[in-house]
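Before any comments, here is the structure.
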Ligand code: NAP
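In the working numbering, the protein residues as written are 5 to 270.
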């Protein structure tokens, strides 16, 4: 994905400014063939940290010296932290998702039922996070069964592959982790299945209101878009790099300002 329109420099530099750190966060576009050299460059330049985006997350998990439990389970790294001469691979997407459930929807997944549409990188982080947070049921609805199987395995005994018609009516929280509603029209989830009992999260943050969220709001659901996860995963990265409490509201303002312009990629 081209990073020249990334929102992350605005979000993270806003945090560094608020924390009065003389640090700078810069986006570099790295071709797949160059990712090994890029990580060697990080070592040589002694950079304090890196964010990693698609398509590099899985290769970077093999290039760092060790991975956190989440990054190891996912086989994917979205954040590298330097610890002396060692590079530690972290994955802050799942914690960022749980934070948005709490801060935007006041929703605690412990003992609750979830359905996740999609089984790509974002969906896998969400499935693992929901299971780790004690969800009673994590159903995955996805076009390609083999990808759904890979995602469901992360949830252990509470994970299952499901169809939308079965899973949505009995769910407490419904998550769209497909790109449907972003560049392509339509929704992955039939809004007629949704009602007031559902919390609905669309991981898409541009547009800020997807067709799914508009329809879910009309049907009385509590809704959240992907800005919260974007901000909170970055906040976890800032905390890992600096050891300081991230200024969440400042970061959210920077993300919201950026998401409202044509610069809208992570
Ligand atoms: P990905 O790895 O490419 O996975 C995409 C998933 O969507 C796959 O499961 C794919 O199904 C499914 N899908 C794609 N097109 C579809 C279609 N036309 N009909 C039905 N299913 C379809 O992508 P990702 O990195 O997980 O990202 C998914 C979404 O989350 C994107 O919109 C991305 O912007 C968003 N995201 C947001 C955040 C955030 O911080 N807010 C973070 C990461 C991602 P198959 O398995 O069948 O191919």
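For every residue, glycine included, the Cβ atom is placed at its ideal position computed from N, Cα and C.
1. How far does the alpha helix (DSSP H) with residue 151 in it reach, from first residue to last?
2. So who's on the other strand from residue 93, going by DSSP bridges?
3. CA-CA distance, residue 241 and residue 96?
4. Cβ of residue 122 within 7 Å of any heavy atom in the ligand NAP?
5. Tell me the residue span of the beta strand (DSSP E) that contains residue 110.
6. Exposed or buried, what is residue 36 when buried is set at 16 or more other beta-carbons lying within 10 Å of its beta-carbon?
7. What I want to know is whether the C-beta of residue 102 ends up closer than 7 Å to one or more non-hydrogen atoms of the ligand NAP.
8. Quick check on DSSP: helix, strand or coil for residue 163?
9. Does the beta carbon of residue 167 fall short of 7 Å from some heavy atom of the ligand NAP?
10. Buried or exposed: residue 26, going by 16 or more other Cβ atoms within 10 Å of its Cβ?
11. From residue 180 to residue 81, what distance separates their C-alpha atoms?
12. May I ask whether a heavy atom of the ligand NAP can be found less than 7 Å away from the beta carbon of residue 183?
13. What residue does the beta strand (DSSP E) around residue 117 start on, and which one ends it?
14. Measuring only from the beta carbon, is residue 46 closer than 7 Å to any heavy atom that is part of the ligand NAP?
15. Is there contact between the stretch 86-100 and the stretch 111-120, where contact requires at least three CB pairs shorter than 8 Å?
In short, the structure shows the following:
1. Numbered from its first residue, the chain shown carries residue 151 at position 147. 149-157 is the extent of the alpha helix (DSSP H) around residue 151.
2. In the chain shown, residue 93 corresponds to position 89, counting from 1. Per DSSP, 71 and 84.
3. As a first step, residue 241 must be located in the chain shown, where it is residue number 237. As a first step, residue 96 must be located in the chain shown, where it is residue number 92. Computed Cα separation, rounded: 7 Å.
4. Along the chain shown, read from residue 1 onward, the residue named residue 122 stands at position 118. Yes, the ligand NAP has a heavy atom inside 7 Å of this Cβ.
5. Here residue 110 refers to the residue found at position 106 of the chain shown. No beta strand (DSSP E) holds residue 110; DSSP gives it neither H nor E.
6. Taking the first residue of the chain shown as 1, we reach residue 36 at position 32. Around the CB of residue 36, fewer than 16 other CB atoms lie within 10 Å, so the residue is classed as exposed.
7. The residue given as residue 102 occupies position 98 in the chain shown. Outside the cutoff, so no.
8. Residue mapping note: residue 163 aligns to position 159 of the chain shown, counting from 1. In the structure shown, residue 163 sits in a strand (DSSP, three-state: E or B).
9. Locating residue 167 in the chain shown gives position 163, counting from the first residue. Checking every heavy atom of the ligand NAP against the Cβ of residue 167, none is found closer than 7 Å.
10. Along the chain shown, read from residue 1 onward, the residue named residue 26 stands at position 22. Residue 26 is exposed by the Cβ-count criterion.
11. Here the question's residue 180 lines up with position 176 in the chain shown. Here the question's residue 81 lines up with position 77 in the chain shown. Their backbone Cα atoms lie some 21 Å apart in a straight line.
12. Here residue 183 refers to the residue found at position 179 when the chain shown is read from its first residue. Correct: residue 183 has its Cβ closer than 7 Å to the ligand NAP.
13. For the purposes of this step, residue 117 is identified with residue 113 of the chain shown, where counting begins at 1. Per DSSP, residue 117 belongs to the beta strand (DSSP E) from 117-121.
14. Start at 1 with the first residue of the chain shown, and residue 46 comes out as number 42. No; taking the cut-off as 7 Å, the Cβ of residue 46 has no heavy atom of the ligand NAP nearer than that.
15. no
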